[in-house]
Every structure is written in structure tokens, then in C-alpha cells.
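Engineer: Under the UniProt record's numbering, think of the first position of the sequence shown as 1, with each following residue one higher.
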Amino acid sequence: MVEKRDYITVEHEKPYRYDEDGLHVTRGCGWSAPGCHLGCGVLLYTDTHGKLVKVEGDPENPFNQGRLCVRCLDLPEVVYSPDRILHPMKRDPKNRGKNRWEQVGWDEALDEIAQIMLDAKEEYGPESVAFYSGTGRDIGQYITRLCWGFNSPNFVFMMSGQSCYSPRVAGCFSTSGSFWVGDYAQQFPDRYDNPQWQQPELIVIWGNNPVVSNSDGLYGHWVVDCMKRGTAAIVVDPRLTWLASRAELFLQIRPGTDGALALGMVNYLVENDLYDHEFVDLWCYGFDELAKRAQDYPLDEVAEITEIPAEEIAAAARRIGEAERAILQWGVAIDQIKETIPTAQAVLALFEITGNIGKPGTMQQPASILNYAAGWGSEFLTPEQEAKRIGQEEHPLIKMGFQECVTDDYIRCLETGKPYPIKVAWMQTTNPLACTGVDAKRTLAAHLNIDTIVCVDLFMTPTAMALADYFLPACTYAERNGLRIGDGAQRAETINKAIEPLGESKSDMQIALEIGKRISPEAWPWETVEDMYSDILEETGHSFEEMQELAPGYPPFDYRMHEKGLLRADGNPGFQTATGRIELWCTMYNSLGLDPLPSYEEPIPSPRSTPELFEEYPLVLTTGARVWSMFHSEHRQIPRLRALHPEPLVYVNPITAARHGVKDGDWVWLENQHGRCKRQVRETPSVNEHTINTDHAWWRPEAPCELDDGLYDLWDLTVENLLPYDCGASGFGANYKNTICKMYPVGEGE
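1. Apply the 10 Å Cβ neighbour rule to residue 354 and answer buried if 16 or more other Cβ atoms are within range, or exposed otherwise.
2. How big is the Cα-Cα spacing for residue 646 and residue 461?
3. Using only CA atoms, which one of 179, 170, 131 lies nearest to residue 158?
4. Tell me, to the nearest whole angstrom, how far the beta carbon of residue 22 is from that of residue 41; I am working on the premise that it is less than 8 Å.
5. Pop quiz: residue 627 and residue 695 are said to be a contact at Cβ under 8 Å. What is the actual Cβ separation, rounded to whole angstroms?
6. CB residue 567 to CB residue 576, shorter than 8 Å?
7. For residue 326, does the three-state DSSP call read helix, strand or coil?
8. Considering just the uninterrupted stretch of the beta strand (DSSP E) at residue 457, what are its terminal residues?
9. What's the C-alpha gap between residue 122 and residue 378?
10. Mapping DSSP to helix, strand and coil, what is residue 497?
11. Taking C-alpha atoms, which residue in 269, 678, 299, 471 lies nearest to residue 93?
12. Looking at the structure shown, is residue 140 part of a helix, part of a strand, or coil, going by DSSP?
13. On the DSSP bridge list, what partners appear for residue 56?
14. Kindly indicate the opening and closing residues of the beta strand (DSSP E) around residue 206.
15. Kindly identify the DSSP beta-bridge partner or partners of residue 24.
16. Measuring from the CB of residue 712, is there a heavy atom of the ligand HEM at a distance below 7 Å?
17. Sort out for me which residues DSSP pairs residue 404 with in a bridge.
18. Start and end of the beta strand (DSSP E) containing residue 745?
19. Determine which residues share a DSSP beta bridge with residue 482 and list them.
20. Using CA coordinates, which residue listed in 74, 6, 68 is at the minimum distance from residue 639?
21. Determine contact between the segment 550-558 and the segment 2-13, defined as no fewer than three beta-carbon pairs at a distance below 8 Å.
22. Our contact map puts residue 219 next to residue 64 with C-beta atoms below 8 Å; I'd like the distance itself, whole angstroms only.
23. Over the uninterrupted beta strand (DSSP E) stretch that includes residue 693, give me the two end residues.
24. Three-state secondary structure (DSSP) at residue 727?
25. For the beta strand (DSSP E) that contains residue 651, what are its first and last residues?
26. In or out: residue 302 buried (at least 16 other Cβ within 10 Å) or exposed?
27. Excluding the 5 residues flanking residue 411 on each side, which residues of the same chain have their C-beta closer than 6 Å to its C-beta?
28. Do residue 52 and residue 474 have their CB atoms nearer than 8 Å?
29. Do residue 209 and residue 241 have their C-beta atoms within less than 8 Å of each other?
30. In the DSSP assignment, find the beta strand (DSSP E) that holds residue 473 and state where it starts and stops.
31. Give the DSSP-derived three-state secondary structure of residue 265 in the structure shown.
32. Whole beta strand (DSSP E) runs in the segment 487-564 with 3 or more residues, listed along the chain?
33. Report the three-state DSSP secondary structure of residue 229 (helix, strand or coil).
34. According to DSSP, which residues form a beta bridge with residue 582?
35. Going by DSSP, which residues form a beta bridge with residue 642?
36. Quick check on residue 351: does DSSP put it in helix, strand or coil?
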């Protein structure tokens with residue numbers, strides 16, 4: 001039996017109504033596809049012909065309170081894009097990379113795919129079929145169920161070191177038994193007016209630009225809301241962002257040196273007696289060992305490493321230590337460091353030793369129904385098959401409850417066929433050649449060794465064009481029902497269908513249900529996706545149809561849960577760790593042969609670790625920052641969204657541009673020992689003279705599509721050409737955001 005909890009719901013308009021102009025209004029939330037990480041409250045307007053004509057933010061939804069980004073506002077252009085794929089297609093495997101598709105029916109496609117998977121299972125074992133997911137949205141959980149229901153251990157996120165969200169989740173669970181998010185009153189329907197909530201005194205925005213990226217269940221403008229109410233901000237970032245320009249302190253860090261900065265700040269807090277003695281004594285384990293390790297990071301040395309003046313580091317540390325209530329708002333910059341695990345451990349320790357855990361206005365454990373970081377359907381994966389998950393032997397931390405393969409080991413598996421061959425790949429909501437996968441040509445060559453590849457998407461992508469044998473068309477969230485749960489959302493929302501699916505497109509969940517019934521029917525017992533959603537929502541005490549009327553629904557919430565025995569499975573006070581405390585010295589890491597304490601490792605390559613190479617490649621390159629109108633590799637074919645950011649840019653300080661003989665608008669090559677990519681220069685003082693920042697995940701849908709013709713200009717444009725597969729000792733983390741390069745003008749005809 002699932003334990004039911006008393007969910008709080010909100011008085012609001014019903015999900016379906018008409019406005020004063022006679023347009024039908026569907027109230028719900030918008031996740032994927034397309035989408036970002038959020039699931040904002042939306043109003044979808046349709047005319048008398050059933051056509052989606054506009055989208056607005058829902059002012060009655062406590063999450064975003066009517067605010068909405070340009071991607072949701074422009075949803076009709078996505079829905080009716082002439083570039084959408086609206087029918088299942090297949091092609092002969094010998095025509096991979098060529099635009100030679102034939103349209104097929106759904107039953108034919110799914111029957112053939114299912115038979116191919118079952119044949120591979122019979123001959124090579126279920127581990128020979130891999131299931132891929134992209135960035136975390138509302139599709140990943142269903143893909144894990146496909147994977148584990150098939151008894152395959154190989155759920156794949158094609159990013160070196162799983163360097164997005166998972167490292168921080170793994171690190172937090174290892175040291176404290178939970179992931180932690182900032183308290184912006186998102187767990188209360190009445191938000192900032194809730195009498196239990198207290199406003200944070202300080203928000204430390206570290207490796208994150210929340211108003212654009214909106215990750216980990218955070219709506220970025222909550223930070224702005226708090227700042228308008230008087231909350232101070234400290235920003236740690238290589239770029240002067242909009243928030244950094246309004247912060248009390250801006251620490252312009254050299255990319256990849258976050259671990260050194262955090263340990264230097266820990267050392268300052270301890271030396272100046274600015275930590276919370278009571279919280280440390282009651283709830284932390286290994287403080288003395290941490291303090292001793294931090295002594296290796298005096299401020300003067302940390303200043304040299306990070307390129308941040310020592311007095312600014314001291315001021316930031318003191319501000320954290322003296323704040324009554326402080327929040328860490330961190331992002332993927334921490335994940336995209338090779339030794340991300342000790343880096344995240346060091347950064348979070350600043351807020352642990354200052355007691356900013358569990359109190360109002362500090363860090364909280366997020367409530368969720370189906371957290372995509374944990375997946376769904378693990379009960380179907382046998383221990384014998386789980387032991388075959390690729391990367392576990394080399395990186396044992398991956399065994400400890402974390403769901404993915406180690407991508408770097410998986411690539412070697414594709415290349416060598418060891419420890420076993422991968423014969424079939426199911427790729428849904430992912431575009432690894434153009435986005436997550438580094439060293440794009442190596443990624444392509446490795447995947448050409450897979451016999452059958454299926455891609456599920458809205459649009460043709462470089463990955464699908466180069467590799468897929470079957471293409472299955474997904475629909476947008478306006479064309480389907482669904483759920484917004486998990487990802488620290490701290491609420492249950494419904495996605496409510498406003499229009500009929502275009503062509504023969506189907507929802508990602510419907511596709512998963514239909515292929516799941518063919519390959520592992522015991523894991524997919526539902527007749528409809530709505531029945532499936534009702535099962536997922538069982539703990540709320542409401543069916544999907546009831547939740548459509550009531551959403552958003554909020555689970556019960558308590559502050560200071562560690563004091564009340566609400567974090568541990570045994571019901572005792574404390575944290576879900578071996579010691580029952582936050583482990584500053586981590587027993588799990590120690591048992592796995594990893595350093596139990598946070599540490600810093602200089603990135604390789606870098607100005608300090610490879611000075612000779614830095615002479616040839618004299619610029620520090622960082623990448624991966626989000627842009628307003630696009631989400632990773634998506635939206636390139638949507639005219640209005642593309643018009644806001646038409647070309648891949650590199651952001652260069654004017655002094656640096658002049659030194660390299662280029663100016664704003666010029667096209668340049670960025671090159672290092674791994675490869676090169678083409679960019680247009682945007683001069684800006686927001687980066688310093690030693691660092692340049694560039695867009696990621698670029699391709700041009702309007703360019704020639706076939707592999708022999710450049711694959712949508714991918715080989716010229718992807719910054720992943722400059723990045724190798726090279727994960728950290730734990731299996732988590734890779735240097736996506738810190739490498740070195742040179743910059744020079746694009747020649748005539750290039």
C-alpha cells in the first residue's frame with residue numbers, strides 16, 4: 001500500500017473554460033516537449049477550430065504567478081512548425097546519415113522495434129539494449145521504467161561524468177542523505193505570505209544564472225522576489241551576469257577553481273570562529289578533519305588559484321558566517337568540473353557548518369512524488385542484471401543507488417564490445433551528437449557500432465539524421481495530458497491537453513506505454529496513460545482526473561525535519577547517513593576508496609597545470625550557459641526564437657578582442673588540442689581579459705542535413721569538438737566548463 005499524504009490544493013478557476021473573446025482556455029502547466037526544467041502554470045487558448053492561438057502565464061498558479069518565458073509564449077509557433085515530424089519513419093541501416101526515410105504506421109514500427117529488442121535480449125541478454133534520456137524533464141522516469149522493466153541495467157545519459165545535476169544529487173545523498181534546495185516558500189500555496197516562512201538574509205548564487213537557467217525545480221525569479229524584499233546576494237561566476245551586477249559581492253572566479261574557493265572560505269570561517277558551534281556539535285560528523293583539511297587553503301594561495309582578491313573572498317565568507325539565514329543557489333558549473341564530488345562537498349559544507357540546513361529561509365529537503373534523479377521501475381531490475389551496469393566496477397560510487405551508466409565507460413563499451421556488445425539503443429528526448437556528448441566525431445563513430453537505433457523527438461536532429469533507423473514523432477505538451485512532479489518541484493501539477501495531436505504524433509508517455517506493453521507487459525499494466533498517472537498520484541489520494549481539477553497540490557511540509565525524525569527511515573532524529581549526521585568526513589566515500597574529505601584538483605589543461613600548453617592556447621574557455629530563447633540544442637528551427645539568438649556567439653572582453661585582431665561581429669575559430677569550432681564575436685566587458693565564454697549545443701537546421709554534407713553544420717559549430725571524454729575518479733564530473741583554447745579569424749571561404 002502507498003502511504004497517502006494530505007495534499008493542500010488551491011482555489012482557482014477550473015482547468016477548462018472560455019474567456020471573454022470566446023476562446024477556449026485550458027489551464028495546466030507546461031513541461032516538455034518542448035520545455036525546460038520547470039513546468040510553469042500556463043493558460044492555453046484555442047479558437048473554435050481547435051487551433052492553439054496563444055499562451056499566457058497563469059496568474060493563479062503559485063509557482064510562477066503568471067510570469068512566463070519567451071519559449072512558452074511562442075509555443076504555437078513550435079506546435080505548427082513546418083519542420084515537425086508528424087509520422088513514424090524508418091530507413092535501411094545502410095542509409096544512416098542520408099535523408100532517405102520512408103513513412104510507416106505506428107503498429108508496424110513498434111512491432112518491428114519490439115521484435116528487434118526481444119531478439120537481442122534472447123541472443124545477447126537484456127543488457128545489450130540501452131535506453132537513453134536527455135536533460136531531466138517529465139520523460140526520464142518513463143524511460144527508466146522502459147529500461148528496468150526490460151531488465152536492462154543500461155540507462156544512459158550521454159554526458160561525460162553525468163555532468164548535469166546527478167553529481168550534486170549523488171554528493172548530497174552520500175554526505176547527508178538528501179538533496180537540498182533553497183527555501184523560497186515554494187512549498188506553500190500562499191508562498192511569501194505563509195507565516196512559517198522567513199525570508200533568507202543572503203542568497204549565494206554559485207555557478208548558476210537562475211533567471212535564465214531555472215534548474216532543480218527553481219523558478220529563477222524567486223531570487224529576484226527575495227532581493228526585492230531585501231535579501232542580499234553574493235554571486236560566484238566567471239561572467240558578470242544581470243544578477244551579479246545587482247549583488248552585494250561579485251566573485252569573478254577562474255572557471256574550474258570552485259573547490260579551492262570553497263575550502264578557502266571554510267578555512268576563514270573556522271579561523272574566525274564564524275561557524276555554528278551548536279549545529280556542528282549536534283548534527284555534523286568530521287568537523288575537526290574538515291577544519292584541518294581547509295588549513296591547506298589559506299586565502300592568499302586561494303586568491304592566486306581563483307584569481308579573486310583575498311579581501312573579496314574573506315568578505316564573502318564573513319557574510320555567510322554572519323547571516324542568520326542563507327541559501328546556496330548552485331548550478332551545473334559545480335557538476336561540470338572533473339572532480340565535482342569533492343567540489344560539491346566543499347561548497348555545501350559552507351552552509352552546513354553555518355547551520356543553514358532545515359531552518360526557514362535556508363536549505364530544505366525537497367518533497368516530490370516521482371523524482372527523476374531516482375528513476376521509476378527499479379523493482380523490475382534483478383540484482384544479477386543490476387551488477388552488469390556499465391561503469392560500476394571502475395567507479396563504485398555509481399552502485400550506491402544512482403541510476404545511470406558511467407558514460408565514459410559506456411563509450412568504450414561501444415567501441416570495444418567489452419564487457420558485452422550494445423545491439424539496440426532507444427533514444428528519447430536526447431540529442432547527444434549536438435549537445436551532451438563531447439568529442440562529437442568519436443561519439444558518432446562509437447554509435448555506428450550499434451545495430452539498431454530508435455529516436456523519439458519532435459524534430460529531426462543531427463543525432464537522428466546521423467544514426468537513427470527508426471524515428472518516432474512526439475507531440476508537444478499542448479497536445480497531451482501529463483504530470484509535473486519530481487525534480488524538487490514540491491507540488492503535483494497536471495499537464496492538460498488543449499488540442500488534438502498533429503498528424504500521427506503521440507506523447508512521449510503514450511509511446512513508452514505502447515512499446516513497454518510489447519517488450520515488458522508486466523511493467524506496463526495500464527490501458528491508458530491517464531490510468532498510469534492515477535497510479536503515480538496514488539499517494540495524493542486523488543486520481544489524475546481529480547488532480548486536474550485540484551492542481552497544484554502541495555504535500556505536507558515541516559521545517560527542521562532532522563530534529564523531528566522525519567529524514568531517517570528509522571524515525572530517529574538526524575540525517576539518513578551511516579552516522580546519522582551530516583558527514584563532512586564521508587563514510588561512504590571512505591568505504592569506496594575515495595577521499596572522505598573535500599579537496600581541490602587543478603583542472604587539466606589550465607594555465608597552472610599545463611603552462612607550456614597554455615602558451616599555445618592562451619585563453620580560458622567556459623561554455624554551457626543558457627540563453628533565453630533556446631533550451632540546449634532545441635528551438636534552432638523556430639523563427640522568432642532563433643531571431644533572438646541567430647548565431648553561435650563567443651563573448652570576448654574588448655581588450656582581448658583587440659589583442660587577437662578581431663572585433664564585434666567577426667567570425668573566429670576557437671581551437672585547442674582536441675578540435676575547433678566556429679563562432680561570432682560578441683564584445684563585452686562581462687568577462688575578464690583571460691576568459692572567453694561561448695554558447696553550447698549549436699547546429700543549423702537550415703544547413704545541408706546529410707552526414708556527408710556536414711550534418712547541419714555540426715562539425716563546424718559544436719563546441720564539444722574541444723572537449724574530451726574524461727570523468728572524475730568517482731565516475732561523476734567532467735571539465736565541460738573549463739578548458740583552454742586559442743582564437744583566430746575565420747579565413748576566406750572557410
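All residues carry an ideal CB built from backbone N, CA and C; glycine is no exception.
Structural biologist: Working from what's here:
1. By the neighbour-count rule (16 or more Cβ atoms within 10 Å), residue 354 is buried.
2. C-alpha separation (whole angstroms): 18 Å.
3. Closest option to residue 158, Cα to Cα, is 131.
4. With a Cβ gap of about 23 Å, residue 22 and residue 41 do not count as contacting.
5. The pair is a contact, with the Cβ atoms about 7 Å apart (cut-off 8 Å).
6. A contact, by the Cβ cut-off of 8 Å.
7. Here residue 326 sits in strand by DSSP.
8. Unbroken beta strand (DSSP E) run through residue 457: 452-457.
9. One C-alpha to the other measures close to 21 Å.
10. For residue 497, the secondary structure class from DSSP, reduced to helix, strand or coil, is coil.
11. Cα-wise, what sits closest to residue 93 is 471.
12. Correct three-state label for residue 140: helix.
13. 43.
14. Segment 202-206, the beta strand (DSSP E) holding residue 206.
15. For residue 24, the pairing in a beta bridge is given by DSSP as 18, 46.
16. Ligands are entirely absent from the displayed structure, and the ligand HEM is therefore not among its contents.
17. For residue 404, which the question treats as bridged, DSSP gives no partner whatsoever.
18. From DSSP, the beta strand (DSSP E) with residue 745 extends over 739-745.
19. 495.
20. When each option's Cα is compared against that of residue 639, the closest is 74.
21. Yes, the segment 550-558 touches the segment 2-13.
22. That belief holds up - the Cβ atoms of residue 219 and residue 64 are roughly 5 Å apart, short of 8 Å.
23. 691-694 is the span of the beta strand (DSSP E), which, as asked, contains residue 693.
24. Three-state result, residue 727: strand.
25. From DSSP, the beta strand (DSSP E) with residue 651 extends over 649-652.
26. Its Cβ being crowded by 16 or more others within 10 Å, residue 302 is buried.
27. Closer than 6 Å at the Cβ level, and outside the excluded window around residue 411, lie 446, 725.
28. Result no, Cβ atoms of residue 52 and residue 474 do not sit closer than 8 Å.
29. Against a cut-off of 8 Å, the Cβ pair of residue 241 and residue 209 comes out as a contact.
30. In this chain, the beta strand (DSSP E) harbouring residue 473 covers 470-473.
31. Three-state DSSP puts residue 265 in a helix.
32. Residue ranges of uninterrupted beta strand (DSSP E) with 3 or more members, entirely inside the segment 487-564 and ordered along the chain, are 493-495.
33. Three-state DSSP puts residue 229 in coil, outside helix and strand.
34. Residue 582 is bridged to 284.
35. Per DSSP, residue 642 has no beta-bridge partner at all.
36. Looking at residue 351 - three-state DSSP - the assignment turns out to be helix.
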